[in-house]
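Engineer:
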Amino acid sequence: MRTLPLAVSAVTVTSALGAGIAAQVEALRERRGGLRCNDFTASPLDTWIGRVAGLEDVSVPEAGARLDSRNNRLAWLALRQDGFLDAVAEARARYGRERVALLVGTSTASIGATEEAYRALAATGTVPASLKDPVLHVAHSLGCFVQDVLGLEGVCTTVATACSSSAKVFAQAERVIRAGLADAAVVGGVDSLCGSVLFGFNSLELVAREPCRPFDVARSGISVGEAGGFALLERDGSGPWLLGSGESSDAHHMSSPHPEGLGARLALRDALATAGLEAADVGYINLHGTASARNDEVEASVVAGMFPASTQAGSTKGWTGHTLGAAGFLEASICLAALECDRAPGMLNTTALDAACGPQIRVDAAPMSRPFVLSNSFGFGGSNCVLAFGAERRP
Amino acid sequence: MSGPDAIACVDGVAFWSPRLPGWDTASPVLAGAVEAPAGAVRRPAPALLPPTERRRAPDAVALAIEVAARACESAAMPPAELASVFATTHGDLAITDYMCANLLDAPLHTSPTRFHNSVHNAAAGYWCIAVGCHAPYTTVSVAGYSFGAGLLEALTQVATSAKPVLFVAYDTEASGPLASLVSSSGLVGAALVLAPRRGGATVADLHWSVSREKPPRATGSSQRNANLVSGNAMASCLPLFEALALRRGGVTLPAGPSLALRLEIR
């Protein structure tokens with residue numbers, strides 16, 4: 013069951029490493045991380061975060077002004093990098109604004125604005141007019157904002173399946189285009205720092221007091237980050253290519269992975285099958301690798317069982333933190349950069365690998381054995397998604 | 022706007038709201054054959070969940086699981102096999118209210134259970150756990166267009182996978198300060214099992230297409246029926262369920278600010 017390969021005609025991403033693709037590539041190459049001590053939450057929380065600099069000063073355009081929020085400012089900052097707005101303008105002119113789908117993922121969208129409204133109500137008894145638009149307080153705040161600023165009028169949805177959200181939009185785009193509902197799709201993911209998520213992960217005892225150390229034997233939890241990014245997918249183009257995807261459910265627990273990684277295995281199997289790849293074709297896997305005790309243990313054993321030693325694997329969350337609903341997109345874009353540079357980035361902050369790691373999981377960067385990559389995203393609620401990309405259209 | 026002119030079969034139907042608690046009750050009322058029962062039920066008690074979980078489940082989870090299970094039951098389809106699409110404008114509003122209020126009062130004492138129940142895909146995650154389903158689900162929000170856009174995603178999956186898909190739509194009641202920011206009252210849950218071809222359980226054929234309309238005009242439901250679910254963010258599902266109760270009719274659902282999903286029930 014091969015799916016329709018789609019050309020990734022344009023891509024952009026912004027994270028704690030900086031704005032635009034080049035900032036990510038340079039930081040990965042120079043092994044310069046983007047995490048810092050938490051200076052975000054109103055009440056203190058001893059942890060490290062991946063914060064995007066300067067969001068407070070971003071002003072959104074008139075078309076999106078009613079939905080101004082930290083999350084949508086991050087979306088707008090990301091959209092302005094790497095010539096992405098021009099690429100969308102060309103697609104809009106080529107296909108028509110109703111034939112370019114817009115599919116975005118987030119976990120909390122503008123809930124930071126809802127938190128702000130609660131603070132204002134408690135302090136002054138009223139909500140400022142700027143926080144009164146009801147759409148600001150739903151997950152689709154993201155889809156609605158991006159649709160308004162890009163002037164798109166076709167199929168548009170916001171996917172909110174926690175940490176798999178912005179990986180799943182690639183799979184959805186393939187379906188929407190194959191069904192004939194659109195000729196091209198803008199896919200993306202944006203999630204921003206907010207109090208409820210930082211304190212929520214803290215309540216689950218999942219946040220680290222230090223910068224996160226994926227797959228390290230002494231890892232102590234996640235670093236929460238924020239990121240935003242977008243890609244334009246089309247039937248034809250010069251590549252790189254979205255070759256396939258696999259989606260599955262753990263059916264095990266809301267916040268803990270299946271102990272044998274059953275859902276992860278199913279998603280990996282389907283990503284390979286839909287892309288027409290064998291495990292040995294895969295040069296690099298960007299792992300979910302949150303640096304939580306359970307995720308990394310399960311994911312390491314799944315990779316050790318399914319892939320040869322020639323496949324390199326690692327998590328880049330030591331650089332960016334776990335950007336939750338944006339992680340699927342951020343890490344897909346890191347995979348595309350790995351293909352472009354023929355370089356698997358390795359891992360940051362990891363010094364001694366957990367015994368569960370096979371020879372695939374590496375700390376050091378290295379060229380890839382084959383020009384095909386996978387990106388793993390495994391989320392709360394047992395939602396898994398694996399994406400397959402290649403430099404060539406067909407293996 | 023061109024697009025598929027496709028057919029899906031409705032194999033399972035479920036509906037729940039306090040005044041119309043279940044499709045057997047709702048169907049004759051929506052068809053105009055009988056009056057709605059006078060009383061109201063506060064929330065569903067899904068038989069699928071063990072008693073303790075049934076009591077503890079947040080409203081959104083109880084509601085979504087109730088209609089998902091009933092739709093599979095009426096389709097005589099094993100739920101563990103079905104891919105699913107969940108559409109909800111707001112997720113669980115009471116839990117969002119808790120998370121935001123707690124942040125002001127005692128952030129270091131956040132309830133871990135309420136936090137993991139706060140994710141937009143909580144109901145979908147619990148559904149898969151309850152029925153042991155490893156098939157993928159997705160959860161979408163499209164603000165005021167969530168029902169039409171969610172159904173469009175489910176129909177797209179049926180068309181591209183050629184397999185049956187479970188579609189579940191629900192919204193809950195806003196509480197606390199959140200009720201001054203967004204508007205939704207009561208509970209409305211609705212579910213369909215959509216199949217690529219006719220089978221023994223098929224109750225109707227659904228011919229579907231999309232069109233560009235600015236702004237898209239929803240088909241109205243009768244005022245009498247609309248009053249039974251008014252105020253809930255998912256009340257927009259009503260025209261389709263009226264047509265399903267009558268087993269015929271054309272329905273137009275807004276699926277975006279300039280996008281309409283056209284359905285013909287035969």
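Protein chains in written order, with the working numbering: chain A, 13 to 407; chain B, 22 to 287. The C-beta atom is built at its ideal place from N, Cα and C for all residues, glycine as well. Values in this document were obtained by computation on a predicted structure and should not be read as measured data.
1) Secondary structure at Thr213 (chain A), three-state DSSP: helix, strand or coil?
2) Relative to chain B, which residues along the stretch 155-169 of chain A have a C-beta separation below 8 Å, given in chain order?
3) Buried or exposed for Asp45 (chain B), please, with buried defined as at least 16 other CB atoms from any protein chain shown within 10 angstroms of its CB.
4) Return the Cβ separation of Ala281 (chain B) and Ser232 (chain B) in integer angstroms, given the expectation that the two are a contact with Cβ distance under 8 Å.
5) Terminal residues of the continuous beta strand (DSSP E) containing Cys149 (chain B)?
6) Mapping DSSP to helix, strand and coil, what is Arg41 (chain A)?
7) Quick check on the burial criterion: 16 or more other C-beta atoms within 10 angstroms. Buried or exposed for Asn248 (chain B)?
8) Going by C-alpha distance, which of B:Met120, B:Val203, B:Ser105 and B:Leu125 is nearest Val150 (chain A)?
9) Would you say Pro237 (chain B) reaches chain A, if we count a Cβ-Cβ gap shorter than 8 Å as a contact?
10) Expressed to the nearest angstrom, what Euclidean distance is found between the alpha-carbon atoms of Thr335 (chain A) and Gly241 (chain A)?
11) Where does Gln372 (chain A) fall in DSSP's three states?
12) For Pro140 (chain A), which three-state DSSP category applies?
13) Spatial neighbours of Leu57 (chain A) within its chain, please: CB distance less than 8 Å, with the 5 preceding and 5 following residues excluded, ordered by chain position.
14) With distances taken from CA atoms, which of A:Val198, A:Gly326, A:Ala378 and A:Arg405 is nearest Arg111 (chain A)?
15) Can you tell me where the beta strand (DSSP E) with Asn388 (chain A) in it begins and where it stops?
16) Is there a Cβ of chain B sitting closer than 8 Å to that of Pro223 (chain A), yes or no?
17) What are the residues of the stretch 251-277 of chain A that lie near chain B, defined by any Cβ-Cβ distance shorter than 8 Å?
18) What separation, rounded to the nearest whole angstrom, lies between the Cα atoms of Ala283 (chain A) and Pro146 (chain A)?
19) Could you list the residues in the stretch 128-147 of chain A with a C-beta less than 8 Å from some C-beta on chain B, going in chain order?
20) Could you run through the stretch 273-287 of chain B and flag, in chain order, every residue whose CB is less than 9 Å away from some CB of chain E?
21) By Cβ distance below 7 Å, which residues in the same chain neighbour Leu51 (chain B) in space, the five residues on each side in sequence not counted?
22) Does DSSP put Ala54 (chain A) in a helix, in a strand, or in coil?
23) Taking only the alpha-carbon atoms, compute the straight-line gap between Thr332 (chain A) and Arg281 (chain A) and give it to the nearest angstrom.
24) Within its chain, find whatever has a CB closer than 7 Å to the CB of Cys408 (chain A); leave out the 5 residues flanking it on each side and keep chain order.
25) If you reduce the DSSP assignment to three classes, tell me which class Asp80 (chain B) lands in.
26) What residue ranges within the stretch 295-353 of chain A form continuous alpha helix (DSSP H) runs of no fewer than 4 residues, ordered along the chain?
27) Can you check which of these residues, A:Pro320, A:Leu348, A:Asp228 and A:Ser208, is closest to Ile116 (chain B) by C-alpha distance?
28) Mapping DSSP to helix, strand and coil, what is Ser95 (chain B)?
29) Could you run through the stretch 166-185 of chain B and flag, in chain order, every residue whose CB is less than 9 Å away from some CB of chain A?
30) At a cut of 8 Å, does the stretch 225-233 of chain A reach the stretch 189-196 of chain A through at least three beta carbon pairs?
31) Apart from the five residues on each side of it in sequence, which residues of its chain come closer than 7 Å, Cβ to Cβ, to Arg63 (chain A)?
32) Can you check which of these residues, A:Leu16, A:Ala312, A:Ala90 and A:Gly124, is closest to Val54 (chain A) by C-alpha distance?
33) In chain order, what are the residue ranges of uninterrupted beta strand (DSSP E) at least 3 long that sit wholly in the stretch 217-300 of chain A?
34) How would you list, in chain order, the residues of chain B whose beta-carbon sits under 8 Å from the beta-carbon of Thr126 (chain A)?
35) Comparing C-alpha positions only, which one of A:Gly330, A:Met318, A:Ala34 and A:Ser261 sits nearest to Ser235 (chain A)?
36) Quick one: what's got a C-beta closer than 7 Å to Met22 (chain B)'s C-beta in the same chain, skipping five residues either side?
Structural biologist: Result, derived from the coordinates:
1) Working through the first sequence from its first residue, we reach residue 213 (chain A) at position 201. The question names Thr, yet the displayed sequence has Phe at residue 213 (chain A). If DSSP states are grouped into helix, strand and coil, Phe213 (chain A) belongs with the helices.
2) Identification of residues in the stretch 155-169 of chain A having a C-beta nearer than 8 Å to some C-beta of chain B yields Gly155, Cys156, Gln159, Glu165, Gly166, Val167, Cys168 and Thr169, given in sequence order.
3) The count along the second sequence starts at 1 and reaches residue 45 (chain B) at position 24. Here Asp45 (chain B) is exposed, its C-beta having fewer than 16 other C-beta atoms within 10 Å.
4) Within the second sequence, the letter at position 260 stands for residue 281 (chain B). Within the second sequence, the letter at position 211 stands for residue 232 (chain B). Sure, about 5 Å apart at Cβ, within 8 Å.
5) Translated into the one-based positions of the second sequence, residue 149 (chain B) becomes position 128. Here Cys149 (chain B) belongs to no beta strand (DSSP E); instead the alpha helix (DSSP H) covers Ala143 to Val152.
6) For the purposes of this step, residue 41 (chain A) is identified with residue 29 of the first sequence, where counting begins at 1. Helix, per DSSP.
7) Residue mapping note: residue 248 (chain B) aligns to position 227 of the second sequence, counting from 1. Exposed, by the Cβ-count rule.
8) On the first sequence, position 138 is the one that residue 150 (chain A) refers to. For Val150 (chain A), the closest alpha carbon among the candidates B:Met120, B:Val203, B:Ser105 and B:Leu125 is that of B:Val203.
9) In the second sequence, counting from the first residue as 1, residue 237 (chain B) sits at position 216. No, because no Cβ of chain A sits closer than 8 Å to the Cβ of Pro237 (chain B).
10) Taking the first residue of the first sequence as 1, we reach residue 335 (chain A) at position 323. Taking the first residue of the first sequence as 1, we reach residue 241 (chain A) at position 229. So the alpha carbons of these two residues sit roughly 11 Å apart.
11) Translated into the one-based positions of the first sequence, residue 372 (chain A) becomes position 360. Here Gln372 (chain A) sits in coil by DSSP.
12) As a first step, residue 140 (chain A) must be located in the first sequence, where it is residue number 128. DSSP places Pro140 (chain A) in coil when its eight states are reduced to three.
13) Locating residue 57 (chain A) in the first sequence gives position 45, where the first residue counts as 1. For Leu57 (chain A), where only same-chain residues beyond five positions count, the Cβ hits under 8 Å are Asn50, Leu210, Phe211, Asn214 and Val219.
14) Start at 1 with the first residue of the first sequence, and residue 111 (chain A) comes out as number 99. With distances taken between Cα atoms, Arg111 (chain A) lies closest to A:Val198.
15) What you label residue 388 (chain A) is simply residue 376 of the first sequence in a count that begins at 1. Note, Asn388 (chain A): beta strand (DSSP E), Phe384 to Gly391.
16) Position 211 of the first sequence, counting from 1, holds the residue named residue 223 (chain A). Not one chain B Cβ lies under 8 Å of Pro223 (chain A).
17) The residues in question are Glu259, Ser260, Ser261, Asp262, Ala263, His264, His265, Met266, Ser267, Leu274 and Gly275.
18) Residue numbering aside, residue 283 (chain A) sits at position 271 when the first sequence is read from its first letter. Residue numbering aside, residue 146 (chain A) sits at position 134 when the first sequence is read from its first letter. Distance from the CA of Ala283 (chain A) to the CA of Pro146 (chain A), rounded to the nearest whole angstrom, comes to 38 Å.
19) Against chain B - using a Cβ distance shorter than 8 Å - the residues of the stretch 128-147 of chain A are Ala129, Tyr130, Arg131, Leu133, Ala134, Val139, Leu143, Lys144, Pro146 and Val147.
20) Within the model displayed, chain E is absent; protein chains A and B are what it includes.
21) As a first step, residue 51 (chain B) must be located in the second sequence, where it is residue number 30. Taking C-beta separations shorter than 7 Å and ignoring five residues to either side along the sequence, the partners of Leu51 (chain B) in its chain run Asn246, Phe262, Glu263 and Ala266, following chain order.
22) Walking along the first sequence from the start, residue 54 (chain A) turns up at place 42. Here DSSP, grouped into helix, strand and coil, assigns Ala54 (chain A) to coil.
23) One-based indexing of the first sequence puts residue 332 (chain A) at position 320. One-based indexing of the first sequence puts residue 281 (chain A) at position 269. Thr332 (chain A) and Arg281 (chain A): Cα-Cα distance of roughly 27 Å.
24) The requested residue 408 (chain A) is not part of the displayed model; chain A covers only 13 to 407.
25) The count along the second sequence starts at 1 and reaches residue 80 (chain B) at position 59. In this structure, Asp80 (chain B) counts as helix in the three-state DSSP scheme.
26) Correct list: 305-318, 329-332 and 339-353.
27) For the purposes of this step, residue 116 (chain B) is taken as residue 95 along the second sequence, with counting starting at 1. With distances taken between Cα atoms, Ile116 (chain B) lies closest to A:Ser208.
28) Taking the second sequence and counting its residues from 1, the one referred to as residue 95 (chain B) is at position 74. Note: Ser95 (chain B) maps to helix in three-state DSSP.
29) Here the close residues are Tyr166, Ser167, Ala170, Gly171, Leu173, Glu174, Leu176, Thr177, Gln178, Ala180, Thr181 and Ser182.
30) With the cut-off at 8 Å, the stretch 225-233 of chain A and the stretch 189-196 of chain A do not touch.
31) Counted from its first residue, the first sequence places residue 63 (chain A) at position 51. For Arg63 (chain A), same chain residues with a beta-carbon under 7 Å away, outside a window of 5 residues either side, are Ala28, Arg48, Phe52, Leu205 and Glu238 in chain order.
32) On the first sequence, residue 54 (chain A) is found 42 positions in, with the first residue counted as 1. In the sequence as presented, Val is not what sits at residue 54 (chain A); that position holds Ala. Taking Ala54 (chain A) as reference, the option from A:Leu16, A:Ala312, A:Ala90 and A:Gly124 with the minimal CA-CA separation is A:Gly124.
33) Counting only runs of 3 or more, we get 239-246, 253-261 and 296-298.
34) The count along the first sequence starts at 1 and reaches residue 126 (chain A) at position 114. Within chain B, the residues whose beta carbon sits less than 8 Å from that of Thr126 (chain A) are Thr117, Cys121, Leu199 and Leu202, listed in sequence order.
35) In the first sequence, the residue the question calls residue 235 (chain A) occupies position 223. Out of A:Gly330, A:Met318, A:Ala34 and A:Ser261, A:Gly330 has the C-alpha closest to the C-alpha of Ser235 (chain A).
36) Residue 22 (chain B) sits at position 1 when you count from the first residue of the second sequence. Its pLDDT being 48, under 50, Met22 (chain B) is placed unreliably in this model, and the coordinates cannot settle the point.
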